[in-house]
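J.:
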Amino acid sequence: MDSNNKKHILFIGNYPPPYGGVPRHFEYLIPHLLKNNWVVDVLSGGNSGIMRQSNLTVYKPTEWQRRFNYARQMLHKPKHEVFRRLHETSPSDWLRYMIYIEIGRHIIERQKIQLISVYNMYSYAPIGAYLSELYDIPLIVTNFGEFYSHQSFFKKNPQLAEYVIKRSIKLLAMSNHCSVSYKEIGLRPDVEVIPYGVDTKMFKPENDGTIIRRRFGLSADEVTVLFIGRLCKDMGLSTLLEAADKLAPTHPNIKFIIAGEPGDSLTAVQTLAQRYPKQIFYATSVPFDELPMWYAAGSIIVAPTQGKRACGSLSAIEAMSTGKPIIAADIGGIPEIVQHDSTGKLVEANNSDSLANCIVQLCSLAPTDLKKFGAAGRASVEARFNEEQLDQQFERLFRELAKTS
């Protein structure tokens with residue numbers, strides 16, 4: 005491809021590791037962009053420094069770099085009224101924004117950035133908006149329900165959201181639920197919905213979970229309920245633990261595997277696993293390339309997310325792509341993914357009784373009936389959440405909006 009046709013994009017959002025919605029999105033999208041003649045810079049949270057490879061540079065500023073950039077930004081304080089008012093209400097947020105703005109300035113002044121794409125209205129959008137104005141670069145902003153989770157902040161600082169919207173050439177969301185979240189603070193801008201997908205060649209029904217089951221001493225025919233995600237309350241883990249605690253004494257045939265990055269619920273997981281060592285198992289290290297085997301190891305996958313902020317559920321999409329029935333919380337954007345009684349079951353969020361009853365119901369089904377859920381889920385993912393097709397859609401949008409001169 006002609007080098008003169010190269011496009012240069014700056015992403016501002018969390019790059020893996022650890023994994024989550026945006027990091028996983030980057031894991032899929034960025035390689036696609038690199039193959040299509042893009043140069044990519046990423047300004048991310050974290051503190052591991054700078055990572056460089058061909059046409060990709062990721063900035064996760066270390067503490068030393070943060071201090072250095074704090075000193076630099078003191079010489080170039082943004083005069084914009086938005087940031088002066090933000091400083092008055094939240095000095096810590098103001099300082100974080102200023103440090104990342106200075107790093108962004110450093111990137112842009114050394115690269116020919118033609119487009120800025122920012123993820124998270126609260127954490128990163130103000131940074132992207134200011135850089136967009138300062139250097140006259142088109143801006144795309146994706147929100148993930150921050151108007152639900154940080155409603156009081158935005159109601160105190162409505163000018164910040166208004167400023168970001170004004171600067172954006174395109175507003176995106178991954179679900180209808182999050183596209184309308186602006187109304188929580190009285191705003192109704194136009195928002196385009198592009199869902200996030202998964203690699204259907206990686207997450208497929210043919211995957212074998214035998215190795216994972218053997219780690220926990222489970223045979224191929226034992227009914228196993230699997231949770232994959234951060235071990236924290238926001239993921240609804242407390243609801244799952246309550247349900248497992250209710251079922252373990254009366255349903256010894258149902259096994260639970262709980263796996264993911266350590267979080268605020270890790271101790272509770274460990275305590276329950278010690279109480280029921282033959283039924284409840286956990287793991288805190290799940291490499292990304294092993295994820296397909298983990299999903300394949302589950303008979304049923306659960307996604308009991310509890311927050312209204314949830315734009316969707318990546319684990320639900322990955323489970324469906326693997327051909328597994330899914331039990332998910334009926335909250336946020338999840339009902340846009342999981343079709344009740346077709347690809348899985350939706351249960352009331354934060355209701356352990358509802359979750360426990362649904363687990364028992366699905367575990368009592370014949371394997372052929374479970375496969376019907378799985379087949380419907382796989383078909384849904386192929387039609388609506390195919391990562392390859394969605395990456396092409398993002399790339400076309402980026403190319404259309406990128407600055408040409």
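If you count by the numbering used here, then the sequence shown holds residues 5 to 409, one letter each, in order. Note that beta-carbon positions come from the ideal geometry of N, C-alpha and C, so glycine has one too.
Between which two residues does the alpha helix (DSSP H) holding residue 381 run?
T.: Segment 371-388, the alpha helix (DSSP H) holding residue 381.
J.: Identify the continuous beta strand (DSSP E) that holds residue 290 and give its terminal residues.
T.: It is not in any beta strand (DSSP E) - residue 290 carries neither H nor E in the DSSP assignment.
J.: For residue 29, tell me which candidate among 329, 317, 334 has the shortest Cα-Cα distance.
T.: Closest option to residue 29, Cα to Cα, is 317.
J.: Checking the sheet assignment: what are the DSSP bridge partners for residue 12?
T.: Residue 12 is bridged to 43.
J.: Under a Cβ-count criterion, where at least 16 other Cβ atoms within 10 Å of its own Cβ denotes burial, should residue 307 be classed as buried or exposed?
T.: With 16 or more other Cβ atoms within 10 Å, it is buried.
J.: Between which two residues does the beta strand (DSSP E) carrying residue 227 extend?
T.: Run containing residue 227: none; DSSP gives neither H nor E here.
J.: Please report the distance separating the alpha-carbon of residue 5 from that of residue 350.
T.: Unreliable placement is indicated for residue 5, whose pLDDT of 46 sits below 50; the coordinate value is still reported in the next sentence. Between residue 5 and residue 350, the C-alpha separation is close to 47 Å.
J.: Residue 15 to residue 249, Cα distance in whole Å?
T.: Rounded to whole angstroms, residue 15 to residue 249 spans 43 Å at the Cα level.
J.: Mind checking residue 146: buried by the 16 CB within 10 Å criterion, or exposed?
T.: Residue 146 is buried by the Cβ-count criterion.
J.: According to DSSP, is residue 102 part of a helix, a strand, or is it coil?
T.: Of the three classes helix, strand and coil, the one that applies to residue 102 here is helix, per DSSP.
J.: Residue 323 lies in the alpha helix (DSSP H); which residues open and close that run?
T.: First-last of the alpha helix (DSSP H) with residue 323: 318-325.
J.: Please state whether DSSP places residue 25 in a helix, a strand or coil.
T.: Residue 25: helix per DSSP, three-state reduction.
J.: Output the distance between the C-alpha atoms of residue 182 and residue 393, rounded to the nearest integer angstrom.
T.: So the two alpha carbons sit approximately 21 Å from each other.
J.: From this set, 276, 227, 253, 191, which residue's C-alpha is nearest residue 243's C-alpha?
T.: Closest option to residue 243, Cα to Cα, is 276.
J.: By DSSP's criteria, residue 196 is part of a beta bridge. Which residues make up the other side?
T.: Its beta-bridge partners are 176.
J.: Sort out for me which residues DSSP pairs residue 56 with in a bridge.
T.: Answer by DSSP bridge pairing, in chain order: 61.
J.: Apart from the five residues on each side of it in sequence, which residues of its chain come closer than 6 Å, Cβ to Cβ, to residue 123?
T.: Once the five neighbours on either side are set aside, the close Cβ partners of residue 123 are 17, 26, 146.
J.: Within the chosen definition, does the stretch 56-67 reach the stretch 31-40 through at least 3 CB pairs nearer than 8 Å?
T.: Short answer: they touch.
J.: With a CB to CB cut of under 8 Å and the five nearest residues on each side skipped, what residues in its chain are close to residue 288?
T.: Excluding sequence neighbours, residue 288 sits near 235, 263, 264, 265, 266, 270.
J.: Quick one: grab the DSSP three-state call for residue 158.
T.: Looking at residue 158 - three-state DSSP - the assignment turns out to be helix.
J.: Please report how far the alpha carbon of residue 172 lies from the alpha carbon of residue 402, in whole angstroms.
T.: Computed Cα separation, rounded: 13 Å.
J.: Run the CB neighbour count on residue 161, radius 10 Å, all protein chains shown included, and call it buried at 16 or more, exposed below.
T.: Residue 161 comes out buried.
J.: Skipping 5 residues on each side, what residues in its chain have a beta carbon closer than 8 Å to that of residue 115?
T.: For residue 115, where only same-chain residues beyond five positions count, the Cβ hits under 8 Å are 12, 14, 43, 45.
J.: Work out the CA separation of residue 273 and residue 259 for me, nearest whole Å.
T.: One C-alpha to the other measures close to 14 Å.
J.: For the candidate residues 142, 295, 94, 301, whose alpha-carbon lies nearest to that of residue 112?
T.: Of the candidates 142, 295, 94, 301, the one whose C-alpha sits nearest the C-alpha of residue 112 is 142.
J.: Going by DSSP in three states, residue 252 sits in which element: helix, strand or coil?
T.: Three-state DSSP puts residue 252 in coil, outside helix and strand.
J.: Considering only their Cβ atoms, is the gap separating residue 177 from residue 197 smaller than 7 Å?
T.: Contact flag set, yes.
J.: Report the residue from 255, 339, 166 whose alpha carbon sits nearest the alpha carbon of residue 193.
T.: Among 255, 339, 166, the Cα nearest to that of residue 193 is on 166.
J.: Could you check the C-alpha separation between residue 126 and residue 151 for me, to the nearest Å?
T.: Going from the Cα of residue 126 to the Cα of residue 151 covers about 8 Å.
J.: Alpha carbon to alpha carbon, what distance is there between residue 300 and residue 227?
T.: Between residue 227 and residue 300, the C-alpha separation is close to 12 Å.
J.: State the Cα-Cα distance for the pair residue 324 and residue 375, rounded to the nearest angstrom.
T.: Their Cα atoms are separated by approximately 11 Å.
J.: Who does residue 305 pair with in a DSSP beta bridge?
T.: Bridge partners of residue 305: 230, 330.
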